[in-house]
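Listed in order, the protein sequences are those of chains L and Y.
The first sequence begins at 1 in our numbering and counts up by one.
The second sequence begins at 1001 in our numbering and counts up by one.
In this text, a Cβ means the ideal position worked out from N, Cα and C, and glycines have one as well.
Since the structure is predicted, the reported quantities are computational estimates derived from the model, not experimental observations.
Protein chains: 2
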Amino acid sequence: MKWNDLQNEACPVARGLSVIGDRWTMLVLRDCFLGIRRFEQIQERLGITRHVLADRLRKLEAAGVLRREPYQERPVRHEYRLTERGKALYPVLVSVIEWANEHVPPPVESSVTLVSRKTGTPIAPVLTDANTGEEITHRTVMALRPE
Amino acid sequence: MKWNDLQNEACPVARGLSVIGDRWTMLVLRDCFLGIRRFEQIQERLGITRHVLADRLRKLEAAGVLRREPYQERPVRHEYRLTERGKALYPVLVSVIEWANEHVPPPVESSVTLVSRKTGTPIAPVLTDANTGEEITHRTVMALRPE
DNA sequence: GGCATAAGTTCCTTTTCGGAACCTGTCAAT
DNA sequence: ATTGACAGGTTCCGAAAAGGAACTTATGCC
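The structure is reproduced here in structure tokens:
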């Protein structure tokens, strides 16, 4: 199977990764969540080549994760903003942060933590079931594919 | 910047993705969570080339996400199992599933849902703060990098 | 001896990536 | 009027990674 055939799979993991499973994509989206919106800024912060960045932005726009909109005329310049579909990726980003903070040690003591905007106190992200409030782990949950 | 320099970044997103941000890696791990442990089975299910699969399994073992252990002697054969560090990736996988189920429509009506192992009822995964129980969104949380 | 199995490895072609230079509109200064 | 700067790309080329198929190794079974 080729990577591009992935979007036609029944498995939601495969379909999700066909959009965000790419090498640079989630890093681009991280910058978008931080309020970075412009090509030049993203390119410089990430060190990604302009060629690849242009390609990723195109694909993310096509997937409805980002939208491209003008912020000035003469000359017309565009910036990239998260759509609702893009903002819905926040839990994925937070899960990666939480896992990396716990399991991929930083090179120096320089970790980044999540804090509440209101209180400024650290956040401890846990995935729970909205119905019961119980924590979701691989032991409590299973996948079901309707036939 | 090259992809391989990513693991030395201060940002936990970059460090996390240096392990799991690869094209096939999360799909391999999906199979591991489903109990698939052997090279041949993973290769056939994913349609990944043997070459790339061998490489990914090596890297995942080196990262401490999978461990390789013999399940028979003569000839000695190994299988791959999730370590604790690997199992800790379950929230990432679930977040991707949830996002794809909501935002990346399946080609036919063939979605996969998550259900409780105990009760069999559907799960609604939400990322919450273990301290307060409140839902985590990009509006309620911000990243803090200690200087 | 011949075949099957599991887990790779090797070889070769195709695709993607990294790096640098170039292009396009517009304004502002020389 | 020419030159330079800025922003958002595009083009070109060599390098790295992925796709595809065949081959290897160790062992047991017929």
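query                                                                                                                            : result
A130(L) and A1124(Y) closer than 7 Å at C-beta                                                                                   : yes
Where A1130(Y) meets chain L, residues with beta-carbon distance less than 7 Å                                                   : A124 and V126
The alpha helix (DSSP H) enclosing E73(L), as first and last residue numbers                                                     : Segment: none, E73(L) is in no alpha helix (DSSP H) and carries neither H nor E.
Inter-stretch contact at 8 Å, needing at least 3 Cβ pairs: the stretch 59 to 74 of chain L / the stretch 1063 to 1083 of chain Y : no
Nonlocal neighbours in the same chain, by C-beta distance under 7 Å from Q7(L), ignoring five residues either side               : R15 and S18
Spatially closest choice to K1118(Y) from H103(L), I136(L), G86(L) and D55(L), by CA coordinates                                 : I136(L)
Member of R1145(Y), L1053(Y), R1045(Y) and M1001(Y) whose CA lies at the smallest distance from the CA of D1022(Y)               : L1053(Y)
Delimiting residues of the alpha helix (DSSP H) encompassing P91(L)                                                              : Y90 to H103
Proximal residues, the stretch 1043 to 1066 of chain Y versus chain L, C-beta separation under 9 Å                               : L1046, G1047, I1048, A1063, G1064 and V1065
Limits of the unbroken beta strand (DSSP E) element including T128(L)                                                            : P125 to D129
Sequence-distant residues of the same chain with beta carbon closer than 6 Å to L1144(Y), five excluded per side                 : none
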